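Enquirer: Numbering (my numbering), first residue to last: 274 to 849.
The beta-carbon is built from N, C-alpha and C at its ideal position, and this holds for glycine as well.
Computed from a predicted model, the values in this text were never measured in an experiment.
Can you keep this structure in mind? I'll have questions shortly.
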């Protein structure tokens, strides 16, 4: 299994419960573990477990291993983080690559060992950087173990919520990133089913990452009849907690107080003053509340994809304005106050000598003589120059009188030639986002790239870790803008203003008989070869091409200076 560069997080028990290392031998059945694990969860979480009671089949005890034990000759166990329900979770070191990793361990005869292996291998194939990556999943020596990333610089959402409710911008980023990530996972057939505050991490750059995709639920034997709805409700609960600092159910959980049981589920803006109204409605649409919302007008969101679209439809919430402290009062120095060189008000043992002022220049007898000499030389030079100028003008006048045939000047020679026509911008009938894999990124903003305004742009989201659109599977062919000229025209060039310099860009044209081109294969004429564009991309063709559709294709984005990558297009002109 391909390994990825790491840094990551442990995850055995991210339910919000305290670590159960001291209870290593007490959780011997699924029922016992689940009873502990579902405390403080939503009412539906209990339904999604294996019944909440004891199984007739005994669960083997978790492997009796110790710090220093090595797996596969490379993973050295360092610290047991959790021991629960027949499995244990460890912080370990990959001695081959010299990095920290996390490891889940359980006996090979554990009733859930097969499902854990299958879930880990499926999760590893996703390869989405928004999830904590599974690095290895192995059955060896009567043990099954799953190795995953460890993110030492990331902070659990549990810790973030412990300090109080989030600002509206932070809560907006949370629900936006989580819903998009889970929508991508569901498209690959993967669910989480254990999306709690302990399963969400925020990196130092503000990127949220989800750990335990499919694996955490498999370790606990959790299933759901409607996994899409289960994960959507979990995101709604996290948004609710971020807005109110309360857990949206009757029991306390994850370090948060629950709602009063007599009140039921009420909107976040009724729990705490100052909550953003749009985010409050969004949380209610995601939670299981029989379709009720804060305004009772919008339909519920039942899938992460519906939730992501609802977030995208909201007006963007900007971060709060930074606060600036007033600078200290300006202190004038003694020199600036004008006391330098003046007698001090306090007597000093050392007196400063006073320098005599030098005489004015050229006031001596020799200076006056030099001044008159220079003046005389200047007058003589001016007279000589005037005489030479007058003689040259007389010679030119005489020569013009003697010449009967004159040569035409350059302006006369070029009067009969027509100037080369200049390229003019062609009318643009429309523009669409280039979506070779079927999914768009900022389709609502495409019109900003052809409105002729330098103040509006089509801008990509911020991608983490990789310049090729975050190395996401649905972005293997990049993105860009397809311009429709309305009819087949002669195109002689393009003039494109880029949102940011440093974008790897190609400009292509479709064949004249193309209709609705959507892949790079449909654009078989080159206007601008692959290049790293600056702030503008200008090209004039020697021979025009005939086409109706022009593609500005971006395959790699420039760094935004914070570890992420972002680009876009401000304005497009097609010349004819």
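#1: DSSP three-state call for residue 263: helix, strand or coil?
#2: Going by other Cβ atoms of all chains shown within 10 Å of its Cβ, with 16 needed for buried, is residue 843 buried or exposed?
#3: What residues match up with residue 489 in a beta bridge as DSSP calls it?
#4: State the DSSP-derived secondary structure class of residue 847, mapped to helix, strand or coil.
#5: Going by C-alpha distance, which of 349, 441, 841 and 840 is nearest residue 513?
#6: On the CB-based measure, 16 or more other CB atoms within 10 Å of its CB, does residue 805 come out buried or exposed?
#7: I need the DSSP call for residue 511, collapsed to helix, strand or coil.
#8: Give me the residue from 722, 478 and 339 with the minimum Cα distance to residue 754.
#9: Comparing C-alpha positions only, which one of 490, 418, 537 and 584 sits nearest to residue 559?
#10: Going by DSSP in three states, residue 772 sits in which element: helix, strand or coil?
#11: Using only the heavy atoms of the ligand PLP, determine whether one of them is closer than 7 angstroms to the beta carbon of residue 831.
#12: Would DSSP call residue 436 helix, strand or coil?
#13: Residue 422 by DSSP, collapsed to three states: which one?
#14: Let me check understanding here. Comparing Cα to Cα, which of 499, 447 and 376 lies closest to residue 419?
#15: Can you tell me whether DSSP reads residue 841 as helix, strand or coil?
#16: Would you be able to state if there are at least three C-beta pairs under 8 angstroms between the stretch 708 to 720 and the stretch 806 to 821?
#17: In the structure shown, what three-state DSSP assignment does residue 533 receive?
#18: With the cut-off set at 8 angstroms, would you say residue 438 and residue 516 are in Cβ contact?
#19: Can you tell me where the beta strand (DSSP E) with residue 799 in it begins and where it stops?
#20: Are the CB atoms of residue 699 and residue 848 within a distance shorter than 8 angstroms?
#21: Could you check the C-alpha separation between residue 337 and residue 730 for me, to the nearest Å?
#22: At the level of alpha carbons, what is the spacing between residue 477 and residue 401?
#23: Considering only DSSP beta bridges, list what residue 825 is partnered with.
#24: Work out the CA separation of residue 434 and residue 473 for me, nearest whole Å.
#25: Quick one: give me the first and last residue of the beta strand (DSSP E) that residue 551 is part of.
#26: With residue 579 as the anchor, note down where its alpha helix (DSSP H) starts and where it stops.
#27: By the 10 Å Cβ neighbour count, where 16 or more other Cβ atoms means buried, how is residue 355 classified, buried or exposed?
#28: Straight-line CA distance for residue 690 to residue 788?
#29: Please classify residue 645 as buried or exposed, where buried requires at least 16 neighbouring CB atoms within 10 angstroms.
#30: Using a 10 Å radius around the Cβ and a threshold of 16 neighbouring Cβ atoms, would you call residue 549 buried or exposed?
#31: Classify residue 742 as helix, strand or coil using the three-state DSSP reduction.
#32: In angstroms, rounded to a whole number, what distance separates the CA positions of residue 797 and residue 790?
Expert: Reading off the structure:
#1: The structure shown does not extend to residue 263, since the chain is modelled only from 274 to 849, so the question has no answer here.
#2: buried
#3: According to DSSP, residue 489 bridges with nothing at all.
#4: strand
#5: 441
#6: exposed
#7: helix
#8: 722
#9: 584
#10: coil
#11: With respect to small molecules bound, the structure shown includes none, and the ligand PLP cannot be examined in it.
#12: coil
#13: strand
#14: 376
#15: strand
#16: no
#17: coil
#18: yes
#19: 798 to 806
#20: yes
#21: 59 angstroms
#22: 19 angstroms
#23: 754 and 780
#24: 11 angstroms
#25: Element bounds for residue 551: not the beta strand (DSSP E) but the alpha helix (DSSP H), 550 to 559.
#26: 577 to 586
#27: buried
#28: Summary for residue 690: the model assigns pLDDT 49, below 50, so the residue's position carries little reliability, and this model does not support an answer.
#29: exposed
#30: buried
#31: helix
#32: 11 angstroms
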